[in-house]
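A.B. asks:
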Amino acid sequence: MKQLTLGMVAHVDAGKTTLSESLLYTTGTIKHQGRVDHKDTFLDYNTQERERGITIFSKVSSLDYKNNHFTFIDTPGHADFSGEMERALSVLDYAIVIINGLDGVQAHTKTIWNLLEHYHVPAFIFVNKMDLTHYTKEELLDSLSQLSPHIMDMSASEEDIAALDEEMIEEYLETGSLKDTSIAKAISNRHLYPLYFGSALKNQGVDELLDALDRYTLEKEPQTELSAQVFKITRDERGERLVFIKVTGGRLHVRDTIHDEKIHQIRLYQGNRYTLVEEASQNDIVALTGIKKLQAGDYIGLGHVIHSTLRPSMLYQIQPSKEADINHFFSSLKVLGEEEPLLHLKLFDDHAQVSLMGEVQIDILKQLMKDRFNEDITVDEGEVAYLETIKEPIEGVGHFEPLRHYSEVHLYLEPLPQGSGLVFENQCQNNLEERYQNLIMTHLQEKEHLGVLTGSPITDMKITLLGGKAHLKHTEGGDFREATYRAIRQGLKMTESVILEPYYKYELVIPTEALSKVYYALEDYPTPTVVNENNDITTLHGEAPVLFLTHYQKELLTSTKGKGQLFFLDTFYALVENQEEVITKCDYDSESDLDNPTGSIFCSHGAGYYVPYDEVREKMHLPLYSAMKQEHTYIHNPVHISDEELKRVYERTYGPIDTKLTSDYYKPKQDHVSSNTVQVLDEYLIVDGYNVIFAWDELKELAQENLGSARDKLIDILMSYKGYRGCHMILVFDAYKVPQNKGKSQMYHDMEIVYTKEGQTADAYIESITKQMAGQYRLVVATSDNLEQKIVLGHGATRISSRELLRDVISRSKIQKEEFERKNPQMHSYAFEDLKKS
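FYI, our numbering numbers position 549 of the sequence shown as 1764, with every residue one higher than the one before it.
(1) Quick one: measure Cβ to Cβ for Val1797 and Ile1714, integer angstroms, because I've assumed they're closer than 8 Å.
(2) Threshold first: 3 residues or longer. Then list the beta strand (DSSP E) segments lying entirely within the segment 1307 to 1374, N to C.
(3) Helix, strand or coil for Asp1578? Go by DSSP, reduced to three states.
(4) Along the chain, where does the beta strand (DSSP E) that runs through Val1462 open and close?
(5) Please classify Ile1673 as buried or exposed, where buried requires at least 16 other C-beta atoms within 10 Å of its C-beta.
(6) Using CA coordinates, which residue listed in Gly1518, Lys1561, Lys1435 and Arg1488 is at the minimum distance from Ile1533?
(7) One question on the structure: do Gly1505 and Gln1480 come within less than 8 Å of each other, judged by their Cβ atoms?
(8) Could you pull out every residue in the same chain whose Cβ sits closer than 8 Å to the Cβ of Val1745, ignoring the five residues on either side in sequence?
(9) Please look up how many angstroms separate the CB atoms of Leu1946 and Ile1968, rounded, as I've assumed it's under 8 Å.
(10) Indicate the three-state DSSP secondary structure (helix, strand or coil) for Pro2062 in the structure shown.
(11) For Leu1424, report the span of its beta strand (DSSP E) as first-last.
(12) Starting from the N-terminal side, write out each stretch of the alpha helix (DSSP H) that is 4 residues or longer and does not extend beyond the segment 1223 to 1268.
(13) Would you list, in sequence order, the uninterrupted beta strand (DSSP E) runs of no fewer than 3 residues that lie entirely inside the segment 1705 to 1765?
(14) According to DSSP, which residues form a beta bridge with Asp1903?
(15) So the beta strand (DSSP E) Ser1622 belongs to, where does it begin and stop?
(16) Give the single residue among Glu1493, Gly1454 and Arg1453 whose Cα lies nearest to the Cα of Val1469.
(17) Please name the residue, chosen from Ala1338, Ala1977 and Arg1466, that lies closest to Leu1441 on a Cα-to-Cα basis.
(18) Assuming Lys1316 and Lys1281 are in contact, meaning their beta carbons sit under 8 Å apart, how far apart are those beta carbons, in whole angstroms?
(19) State buried or exposed for Lys1537, treating a residue as buried only when at least 16 other CB atoms are found within 10 Å of its CB.
(20) Between the beta-carbon of Ile1402 and the beta-carbon of Tyr1431, is there less than 8 Å?
(21) So what's Asp1565 in DSSP terms, helix, strand or just coil?
(22) Given a cut-off of 8 Å, decide if Gln1652 and Val1520 are closer than it, judged by their beta-carbon atoms.
(23) Would you list the residues sitting across from Asn1283 in a DSSP beta bridge?
(24) What would DSSP say about Phe1695, mapped onto helix, strand or coil?
(25) Span of the alpha helix (DSSP H) holding Cys1801?
(26) Quick one: what's got a C-beta closer than 7 Å to Leu2063's C-beta in the same chain, skipping five residues either side?
(27) Given that a residue counts as buried once 16 or more other Cβ atoms are within 10 Å of its Cβ, and exposed if not, what is Lys1728?
(28) Which partner residues of Gly1682 appear in the DSSP bridge assignment?
(29) Distance, Cα to Cα, Val1458 vs Gln1218?
(30) Measure the C-alpha to C-alpha separation of Ile1541 and Asp1565 and round it to an integer number of angstroms.
(31) Assuming the contact rule is C-beta atoms closer than 8 Å, His1406 and Asp1422 should be a hit. Round their C-beta distance to whole Å, please.
(32) Kindly list the residues whose CB is nearer than 7 Å to the CB of Met1511, restricted to its own chain and excluding five residues on each side of it in sequence; keep chain order.
(33) Between which two residues does the alpha helix (DSSP H) holding Asp1931 run?
(34) Mark Glu1168 as exposed unless 16 or more other C-beta atoms lie within 10 angstroms of its C-beta, in which case mark it buried.
(35) Just tell me which of Leu1781, Gly1923, Asn1750 and Phe1695 has its CA closest to the CA of Ala1759.
(36) Specify whether the segment 1729 to 1739 and the segment 1622 to 1642 touch according to this definition: at least 3 beta carbon pairs, one from each stretch, less than 8 Å apart.
Printed below as a string of structure tokens:
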């Protein structure tokens, strides 16, 4: 049986819930077909939903049709609850986009369409209320063409359908027809959006839609490894936390453990009723109980964190009543903040701050706090929600080293075009363990990082992991969280940040006689364009800051005598023009924000101490990756040059070719003055890695437990030693016994590490490299192999034994430590010296 997850998405009042009801009734899943206006639908069972006649929370239902099991997610249509709708998109196989036949494409329809494109969700389109509309199918199809030219009425000829996809064209030309699987593939690739017309209330066109879902959909390949996506957090009527997931691979069982938490129940929901099951398999939509840590957007097993692309443009202060218990007030808001992450909840001493989409969501929030938690709240008029980004790329460094802790992280922050959001990438350039790399990437995405100008969230950046360092004994899991957060903040402080404010793309419908007044009111912003002029009514499109437009609505009603209408089409962010005013107004001090520190913690004399952001680079343990030289490979292709071309180049460089006489070759003898100048060659230290490891007691002991750990520790020791000595270095490791090994050379910062190829020992490699480099550098080879020592002497290299190298490492390290302590004296404290000793 084919199993798919389908989502019902639409503009408010398009008939989304009515279509869900019709599908359930037509397939015999429910015996009574409810109506929204009768307040008895199967899915809108919440009190607020029934009173308002809108969907506020996404609901899950399922039905069987022919050889298919379809799970439907009915999503909110009102723009204020777009966050709930967007989270559901991350788990859909297909979407059913419902269009109101009375209105055609609306502003929110375009927002939904853009989100479907972002999440790569194929879509079927159902134009509803065809029994009531005065528009023809052709007129509605023309309206839909603004979404995509690939929307096709499926009553059209196969030839017209085939024209939308190259593979279908080829098939149609060869066979004169199209297979269902070919059409299904084109839909899956988003090359075709099938269009159907009908009336959900009267069950017209519903059978055709069901038949299309049967014929033109494809199930994803089965995956054996466990993976699941979290798309919703809610509570049941008893307050039990429910984690809604879609299983995208493998199986999940009751009593399985997820992040140290055991699954108590697996619930299969049908509206507000559920069935308990022992396991969930691929394509199941289920709710888990017993899991407290997972949040909406998280994943289990294989996958990645899903971040919302929508962002409310207004911030509101929420005050509890005077009689309220502040702790109960905060805990209640935290519950709602889990269920709606776009609230971006922040708690202060006596109030909270949230992000909200509009007036309807404000009303619902007030009602939820009253109904669920018996809390009366007040909400202020709100202010715009700013964002921050950077102008120039920068490498940020975070170091966290209190006593018995250790981590260092290097991140590269670079600006992206406006609207890109945050992009994360792992380009770790050193030998940091993969588990630590994964931790850092998780920490980058697990929280909302704040800017340093106004404390607003950051956006439009690519943040790349360049490298990091751990300690074999002292690094713990939370250490890299601290270093990662600090690296971002340090980078932001070291470069120039800018503030972004929200803009609306708007549509103005006004009496033509008021056109001059409107243009005058909007003169400080991009001039709106006239898109339609019909008798006495003019329609304008433009864009302006949200802060201005929210206040302009009242002015518009006054200037047009109540006849003007303002519609918001889309939201985006752009640079503020009065940045200094905004900074002053926000009154944010990044150095006083103890929850988001910009500096790092280093360790000295057994105690951690704070280092400000602008001094971190002086004390960091790894060099800046962005400053390291990159090696380039040049490819020389043979080029044929004629004799005439060679002659022309020669004469252009050296002048005309003259025939010289014998006397020209004999010049008067010149006195020769010898020079005492001696050219000092750069030093190259070449180290036989495994020879040194087994000559140093500490590393030898470690190698007996884990050779890789000993190798990593030697690399770190020699990296520091290289800095003390001020030389070039090549570290060579034997890999000659590894089958099919071609050998490799890699850079660890500016130290070259060589792993020899199959059949080549470290001795042979060092012999070869010293022969090649002889005369170009001062060569020093560190090894205790007697034969190798004699060979390199023959190539002009100096040799030191592994023991001599160890003594020099210890000596230079001691000198550097003494020099550091001399330059950084510790002040003696006399605070308690007068106390009597017991």
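Virtual Cβ for every residue (Gly too), placed ideally from N, Cα, C.
Quick caveat, the model's predicted, so the values are computed rather than measured.
C.D. replies: Let me lay it out:
(1) Looking up residue 1797 in the sequence shown gives position 582. Looking up residue 1714 in the sequence shown gives position 499. Separation of the CB atoms of Val1797 and Ile1714 is rounded to 5 Å, and the pair is thereby assigned contact status at 8 Å.
(2) Along the segment 1307 to 1374, the beta strand (DSSP E) occurs as fully enclosed runs of 3 or more residues at 1309 to 1315, 1338 to 1343 and 1366 to 1368, listed in sequence order.
(3) Within the sequence shown, numbered from 1, the residue matching residue 1578 stands at position 363. Note: Asp1578 maps to helix in three-state DSSP.
(4) Your numbering for residue 1462 matches position 247 in the sequence shown. Start and end: Arg1456 to Gly1464.
(5) The count along the sequence shown starts at 1 and reaches residue 1673 at position 458. The residue in question, Ile1673, is buried, as its Cβ has 16 or more Cβ neighbours within 10 Å.
(6) For the purposes of this step, residue 1533 is identified with residue 318 of the sequence shown, where counting begins at 1. Cα-wise, what sits closest to Ile1533 is Lys1561.
(7) In the sequence shown, residue 1505 corresponds to position 290, counting from 1. In the sequence shown, residue 1480 corresponds to position 265, counting from 1. If you check the CB distance, Gly1505 and Gln1480 come in under 8 Å.
(8) Within the sequence shown, the letter at position 530 stands for residue 1745. Apart from sequence neighbours up to five positions away, the residues of its chain that approach Val1745 with a beta-carbon distance below 8 Å are Thr1753, Thr1754 and Leu1755, ordered along the chain.
(9) Counted from its first residue, the sequence shown places residue 1946 at position 731. Counted from its first residue, the sequence shown places residue 1968 at position 753. Taking the Cβ atoms as the reference, Leu1946 lies roughly 5 Å from Ile1968, within the contact range of under 8 Å.
(10) Because residue 2062 is not part of the residues shown, which for the chain are 1216 to 2053, the question remains open.
(11) Along the sequence shown, one-based indexing puts residue 1424 at 209. For Leu1424, no beta strand (DSSP E) segment is defined; the enclosing uninterrupted segment is the alpha helix (DSSP H) at Val1421 to Arg1430.
(12) Along the segment 1223 to 1268, the alpha helix (DSSP H) occurs as fully enclosed runs of 4 or more residues at 1231 to 1241 and 1262 to 1267, listed in sequence order.
(13) Every beta strand (DSSP E) stretch that sits fully inside the segment 1705 to 1765 and reaches 3 residues is listed by chain position as 1712 to 1726, 1744 to 1749 and 1752 to 1760.
(14) Translated into positions along the sequence shown, residue 1903 becomes position 688. For Asp1903, which the question treats as bridged, DSSP gives the partners Val1947.
(15) Residue numbering aside, residue 1622 sits at position 407 when the sequence shown is read from its first letter. Counted as a single uninterrupted DSSP element, the beta strand (DSSP E) harbouring Ser1622 occupies residues Ser1622 to Pro1630.
(16) Stepping through the sequence shown from its first residue, residue 1469 is reached at position 254. Out of Glu1493, Gly1454 and Arg1453, Glu1493 has the C-alpha closest to the C-alpha of Val1469.
(17) Residue mapping note: residue 1441 aligns to position 226 of the sequence shown, counting from 1. The shortest C-alpha to C-alpha distance from Leu1441 to any of Ala1338, Ala1977 and Arg1466 is the one to Arg1466.
(18) Taking the first residue of the sequence shown as position 1, residue 1316 is located at position 101. Taking the first residue of the sequence shown as position 1, residue 1281 is located at position 66. As written in the sequence, residue 1316 is Gly, which differs from the Lys given in the question. For Gly1316 against Lys1281, the beta-carbon gap comes to about 28 Å, at or over 8 Å, which does not count as contact.
(19) Working through the sequence shown from its first residue, we reach residue 1537 at position 322. The residue is exposed, with fewer than 16 neighbouring Cβ atoms inside 10 Å.
(20) Mapped onto the sequence shown, residue 1402 falls at position 187. Mapped onto the sequence shown, residue 1431 falls at position 216. Ile1402 places its beta carbon less than 8 Å from that of Tyr1431.
(21) Taking the first residue of the sequence shown as 1, we reach residue 1565 at position 350. Collapsing the DSSP output to three states places Asp1565 in coil.
(22) Here residue 1520 is taken as the residue at index 305 of the sequence shown, counted from 1. Here residue 1652 is taken as the residue at index 437 of the sequence shown, counted from 1. The answer is no: Cβ separation not under 8 Å.
(23) Stepping through the sequence shown from its first residue, residue 1283 is reached at position 68. Per DSSP, Lys1217 and Tyr1280.
(24) Here the question's residue 1695 lines up with position 480 in the sequence shown. It is helical.
(25) Counted from its first residue, the sequence shown places residue 1801 at position 586. Gln1794 to Cys1801 is the span of the alpha helix (DSSP H), which, as asked, contains Cys1801.
(26) Summary: the structure shown does not reach residue 2063, with the chain confined to residues 1216 through 2053, and so no result is reported for it.
(27) Taking the first residue of the sequence shown as position 1, residue 1728 is located at position 513. The amino acid occupying residue 1728 in the given sequence is Glu; Lys does not appear at that position. Here Glu1728 is exposed. Its C-beta has fewer than 16 other C-beta atoms within 10 Å.
(28) The sequence position of residue 1682 within the sequence shown is 467, counting from 1. DSSP lists His1625 as partners of Gly1682.
(29) Taking the sequence shown and counting its residues from 1, one reaches residue 1458 at position 243. Taking the sequence shown and counting its residues from 1, one reaches residue 1218 at position 3. Looking at the two C-alpha atoms, the distance is approximately 21 Å.
(30) The residue given as residue 1541 occupies position 326 in the sequence shown. The residue given as residue 1565 occupies position 350 in the sequence shown. Taken atom to atom, the span from the alpha-carbon of Ile1541 to that of Asp1565 is near 7 Å.
(31) Residue numbering aside, residue 1406 sits at position 191 when the sequence shown is read from its first letter. Residue numbering aside, residue 1422 sits at position 207 when the sequence shown is read from its first letter. Not quite, the Cβ-Cβ distance comes to about 25 Å (not below 8 Å), so this is no contact.
(32) The count along the sequence shown starts at 1 and reaches residue 1511 at position 296. Per the sequence presented here, residue 1511 reads as Ala, with Met not at that position. Excluding positions up to five away in sequence, the list reads Arg1302, Val1445, Phe1446, Lys1447, Ile1448 and Pro1556.
(33) Residue 1931 sits at position 716 when you count from the first residue of the sequence shown. First-last of the alpha helix (DSSP H) with Asp1931: Leu1922 to Arg1940.
(34) No information on residue 1168 is available, as it lies outside the stretch 1216 to 2053 that the chain covers here.
(35) Indexing the sequence shown from 1 puts residue 1759 at position 544. Closest in alpha carbon position to Ala1759, among Leu1781, Gly1923, Asn1750 and Phe1695, is Leu1781.
(36) Counting C-beta pairs closer than 8 Å gives fewer than three between the segment 1729 to 1739 and the segment 1622 to 1642, which falls short of the contact rule.
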